[in-house]
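In my numbering, the protein residues as written are -11 to 296. Before any comments, here is the structure.
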């Protein structure tokens, strides 16, 4: 286990660029701020705060005139703005979750206090995506309300509430909590008691035959603690029966989806967690699927190891 921790800690740190942000892999040209936010949660738990702070500084310096952050690409050593991002809601939401995790572990807000104005602006940009039903569009140019995104948004809003309270910004703290409550209610409205599933997006439900985004989406309310225990038990049962070998990555998807290991852990399925860790090490970290091992997967792997 200690070998895995050191291996993946070093893997993540090798992805950091001189600018402060991280590439998707040590040899990858892509820079994805959303995946980086998720990956660095593991470094926070390891006390590696300085690399995380450098990424946060980079993120806040790269908010565009529309209020969001795009993906970048390395070209001849230069970071080039691609002009687009996979989403706008989850990028900002996961930034707040990362920031809140640093503050909780370090018990220090001094380093982020100078960014207070920028954080308020980022919060309001995220709020613009939230609709009357409490759910957010993925981005202004893609007006779809995804279950996965909204689970991350709910957590991000809760973390924004915590962060603004720590910074003494009471108005935004109250607004973040109000929006978090509305988002949680919106997510609850996506659940169909007749189908016994959540909508994957909007009011589109799954058939349990497609791994991503259908089946993977059903794990998100479990991972983020948004499902009642009875609903979570049934969803996890359906995940297992639909893809009985997901813990050995027999899903039809080349990417590992280590988040499913966290889902298994929360459902007290330690056998699958251990199998997923062992198989990930064999297939992805040291094996033929190494090209598909990206920073957010390494981060999730690290968190699972630390909690196992």
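No residue lacks a Cβ here, since even glycine has one placed at the ideal position from N, Cα and C. If you're wondering where the values come from, they're calculated on a predicted model, not measured in any experiment.
Bounding residues of the beta strand (DSSP E) (the contiguous stretch that carries residue i)
i: residue 250; result: Here residue 250 belongs to no beta strand (DSSP E); instead the alpha helix (DSSP H) covers 247 to 254.
For residue i, the nearest candidate out of the options (CA to CA)
i: residue 204; options: 183, 190 and 228; result: 228
i: residue 133; options: 233, 119 and 143; result: 119
i: residue 298; options: 246, 99 and 194; result: The shown model of the chain, from -11 to 296, leaves out residue 298, and the question about it has no answer.
i: residue 93; options: 210, 69, 38 and 275; result: 38
i: residue 58; options: 295, 224, 217 and 47; result: 47
i: residue 139; options: 163, 156, 116 and 167; result: 167
i: residue 33; options: 91, 116 and 61; result: 91
i: residue 115; options: 131, 146, 87 and 77; result: 77
i: residue 23; options: 60, -6, 180 and 49; result: 60
i: residue 141; options: 157, 113 and 159; result: 113
i: residue 49; options: 268, 35 and 103; result: 103
i: residue -6; options: 35, 6 and 5; result: 35
i: residue 67; options: 165, 5 and 243; result: 5
Beta-carbon gap between residue i and residue j smaller than 7 Å
i: residue 29; j: residue 89; result: yes
i: residue 207; j: residue 178; result: no
i: residue 42; j: residue 8; result: yes
i: residue 298; j: residue 27; result: Because residue 298 is not part of the residues shown, which for the chain are -11 to 296, the question remains open.
i: residue -4; j: residue 85; result: no
i: residue 226; j: residue 245; result: no
i: residue 111; j: residue 161; result: no
i: residue 261; j: residue -8; result: no
i: residue 299; j: residue 193; result: Only positions -11 to 296 of the chain appear in this structure, which leaves residue 299 out of reach.
i: residue 251; j: residue 211; result: yes
i: residue 25; j: residue 97; result: no
i: residue 281; j: residue 241; result: no
i: residue 20; j: residue 12; result: yes
i: residue 255; j: residue 224; result: yes
i: residue 186; j: residue 135; result: yes
i: residue 175; j: residue 214; result: yes
Endpoints, the alpha helix (DSSP H) within which residue i is located
i: residue 162; result: 158 to 177
i: residue -4; result: -10 to 2
i: residue 115; result: 104 to 115
i: residue 206; result: 204 to 211
i: residue 287; result: 283 to 295
i: residue 238; result: Taken as a continuous stretch (DSSP letters only), residue 238 belongs to no alpha helix (DSSP H), as it is neither H nor E.
i: residue 78; result: 77 to 94
i: residue 144; result: 135 to 155
i: residue 48; result: 37 to 49
i: residue 310; result: Residue 310 cannot be examined here, being either before or after the span of the chain that is shown, -11 to 296.
i: residue 223; result: 217 to 230
For residue i: DSSP bridge partner residues
i: residue 18; result: 61
i: residue 67; result: 62
i: residue 130; result: 127
i: residue 337; result: Past the edges of the chain, shown from -11 to 296, lies residue 337, and the structure says nothing about it.
i: residue 180; result: 185
i: residue 24; result: DSSP output for residue 24 lists no bridge partner at all.
i: residue 192; result: 189
i: residue 10; result: 4
CB contact check: residue i to chain C, cutoff 7 Å
i: residue 20; result: Among the protein chains of the structure shown there is no chain C, as only one such chain exists.
Count the CB pairs spanning the region 169 to 182 and the region 114 to 133 that are closer than 8 Å, and state whether there are at least three. yes
Are the region 232 to 239 and the region 12 to 29 in contact at 8 Å, needing three or more beta carbon pairs? no
At least 3 beta-carbon pairs within less than 8 Å: the region 127 to 134 vs the region 71 to 85: yes
Using a Cβ distance threshold of 8 Å, determine whether the region 279 to 295 contacts the region -8 to 0, with at least three qualifying pairs required. yes
Pair every Cβ in the region 103 to 122 with every Cβ in the region 150 to 165, then say whether three or more of these pairs are closer than 8 Å. yes
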